[in-house]
Amino acid sequence: MSDPATPAPSAPIDRRDLALRLFALLGLTFSAMLLVDYVHTPVFCSAASSGCDAVRRSHWARPFGVPLPILGAAFFSFMLGAAAVGTPAARRALGVAGALSALAGVAFLAIQAFVIHHFCKLCLVVDTSAILGGVSAVLLARDTSAPAGRRLRWPTVGVGAAALLAPILFGLSQTPPEAPPNQPVIEAMPDLITRAQVPGKATIVEFVDYECPFCRRQQAALAPVLASYGDRVRLIRKNVPLSFHEHARGAARAACCAEEQGRGERMADALFRAEDITAEGCERIALELHLDLAAYRSCLASRRPDVVLERDQEDARAARVSGLPTLWIGREKFEGFTSPEALRASIDRAITASAARPAAPRSGT
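Using our numbering, you'd call the opening residue of the sequence shown number 66 and step up by one each time.
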């Protein structure tokens with residue numbers, strides 16, 4: 066007969082449960098590091114790292130306008146919480162979450178490899194943790210006989226809180242450095258950009274989304290620079306509305322319809338400044354610009370603006386645009402925000418170069 070004063074032996078900790086918690090903690094820590102880099106300043110993966118910067122600037126980094134690290138931190142926190150609870154219902158939820166986690170990790174690795182063509186080292190850790198932690202969660206959920214591991218509940222909660230807060234507090238304590246001047250990307254000039262050049266002028270081909278905050282900031286810097294050069298600079302704007310910006314496509318269509326009435330540039334300027342770019346907001350801008358409202362509405366009801374947007378999307382792919390804003394100034398490509406000083410220096414180089422070369426052959430379109 067056992068001694069009642071002797072405590073019952075604790076159930077062993079399941080290796081799958083332990084792996085799940087470790088990978089979720091790792092993913093949570095690196096998600097918190099990414100969050101600092103996204104919303105404060107690049108502390109853990111500096112702006113000098115082309116991979117991190119390219120991924121941060123891509124539209125995949127902010128689904129529905131929400132920085133992706135917030136979603137990652139929330140997801141890993143949920144997995145840790147469900148593991149700490151350890152009830153059968155929590156285990157079932159873990160199984161579903163684990164499957165989604167593994168799929169998301171594979172998807173984001175593929176996006177970096179085949180769409181953005183750059184890898185963020187912090188994201189690699191997060192995505193790998195999502196895959197391995199997700200697989201561990203699925204295996205654990207399928208085994209109803211596995212011990213719950215409740216004695217790890219409070220250690221999991223405590224370490225999880227530290228994993229989330231420590232990187233954030235450290236990152237926020239760092240002073241944002243002076244942003245280095247944006248340097249042009251050195252790569253071959255696409256045919257699209259070559260054909261756009263005009264002798265004696267600097268040609269700027271700009272790819273934008275009217276709802277993109279970075280594009281709006283770029284426009285505020287670009288507009289006074291363009292005004293100071295007058296007709297020595299030629300601007301070609303390509304609309305690339307991002308799918309996760311609710312009103313971006315509607316605003317781009319409105320700009321196309323204003324262009325039909327010779328007021329495309331004024332409409333674009335107004336859209337960049339406007340707080341309301343819903344269909345109603347765009348129509349108010351059309352009225353302020355004295356557009357023929359019947360013709361404007363007829364254009365919106367047609368497929369004409371969609372044809373223009375489809376062509377602009379094809380041009381963006383041809384110009385190897387991976388994030389917004391992107392500008393080609395003459396033969397120089399700029400990705401991300403470009404300061405007025407860098408814009409002026411590049412425009413000056415483009416004007417000098419264009420004066421020394423003959424006109425490029427132009428297509429008939």
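Virtual Cβ for every residue (Gly too), placed ideally from N, Cα, C.
_Within 8 Å, strictly: CB atoms of Met98 and Phe88_ = Cβ distance not < 8 Å, so Met98 and Phe88 don't count as in contact.
*Kindly give me the distance between the Cβ atoms of Gly395 and Ala267, rounded to whole angstroms, as I take these residues to be in contact under 8 Å.*
Rounded to whole angstroms, the Cβ separation of Gly395 and Ala267 is 6 Å, and the two are in contact under 8 Å.
*Could you spell out the range, first to last residue, of the beta strand (DSSP E) harbouring Val386?*
In this chain, Val386 is not harboured by any beta strand (DSSP E), its DSSP state being neither H nor E.
*Look at the Cβ atom of Leu392, then the Cβ atom of Phe402, and state whether they are nearer than 8 Å.*
Remark: C-beta atoms of Leu392 and Phe402 do not approach each other more closely than 8 Å.
*Are Arg86 and Thr221 close, meaning C-beta to C-beta below 8 Å?*
In contact: Arg86 and Thr221 (Cβ atoms closer than 8 Å).
*Span of the beta strand (DSSP E), counted from its first residue to its last, around Pro251*: Reading off the sequence shown, one finds Ile at residue 251, where the question assumed Pro. First-last for Ile251: undefined, no H or E at that position.
_Contained alpha helix (DSSP H) runs [length at least 4] in the region 154-239, N- to C-terminal order_ = As far as the region 154-239 is concerned, its whole alpha helix (DSSP H) runs of at least 4 residues are 186-207, 218-237.
_Reference Val263, options Ala288, Trp125, Arg122, Arg299, closest by Cα_ = Among Ala288, Trp125, Arg122, Arg299, the Cα nearest to that of Val263 is on Arg299.
*asked:* Bridge partners for Phe272 per DSSP, in chain order?
replied: Answer by DSSP bridge pairing, in chain order: Lys303, Thr391.
*Inspect the beta-carbon positions of Asp357 and Gln378 and report whether they are closer than 8 Å.*
At a Cβ-Cβ threshold of 8 Å, Asp357 and Gln378 do not count as neighbours.
*If you count every other CB in all the chains shown that lies within 10 Å of the CB of Leu237, and 16 or more means buried, which is it?*
Burial is judged here by how many other beta carbons sit within 10 angstroms of a residue's own beta carbon; Leu237 has fewer than 16 and is exposed.
_Between the CA atoms of Asp208 and Thr71 - distance to the nearest angstrom_ = Unreliable positioning characterises Thr71 in this predicted model, as indicated by a pLDDT of 46, which lies under 50. The coordinate reading is nonetheless provided below. Straight-line Cα distance between these residues: approximately 30 Å.
*My understanding is that Arg81 touches Leu204, with C-beta atoms under 8 Å, so please give their C-beta distance in whole angstroms.*
That belief holds up - the Cβ atoms of Arg81 and Leu204 are roughly 5 Å apart, short of 8 Å.
*Is Val101 helix, strand or coil by DSSP?*
In the structure shown, Val101 sits in a helix (DSSP, three-state: H, G or I).
*Can you tell me the Cα-Cα spacing of Arg328 and Cys280, whole angstroms?*
Note on geometry: alpha-carbon atoms of Arg328 and Cys280 lie some 20 Å from one another.
*Tell me where the beta strand (DSSP E) around Phe399 begins and ends.*
Taken as a continuous stretch (DSSP letters only), the beta strand (DSSP E) holding Phe399 covers 397-400.
*asked:* Less than 8 Å between the C-beta atoms of Ala158 and Ala169, yes or no?
replied: Cβ atoms of Ala158 and Ala169: not closer than 8 Å.
*Return the first residue and the last residue of the alpha helix (DSSP H) that Pro132 is part of.*
Segment: none, Pro132 is in no alpha helix (DSSP H) and carries neither H nor E.
*Unbroken alpha helix (DSSP H) run spanning Ala333, endpoints*: For Ala333, the enclosing alpha helix (DSSP H) begins and ends at 329-338.
*Any idea what DSSP makes of Ala267, helix, strand or coil?*
Of the three classes helix, strand and coil, the one that applies to Ala267 here is strand, per DSSP.
*For Leu389 versus Ala317, is the C-beta spacing smaller than 8 Å?*
Contact: no.
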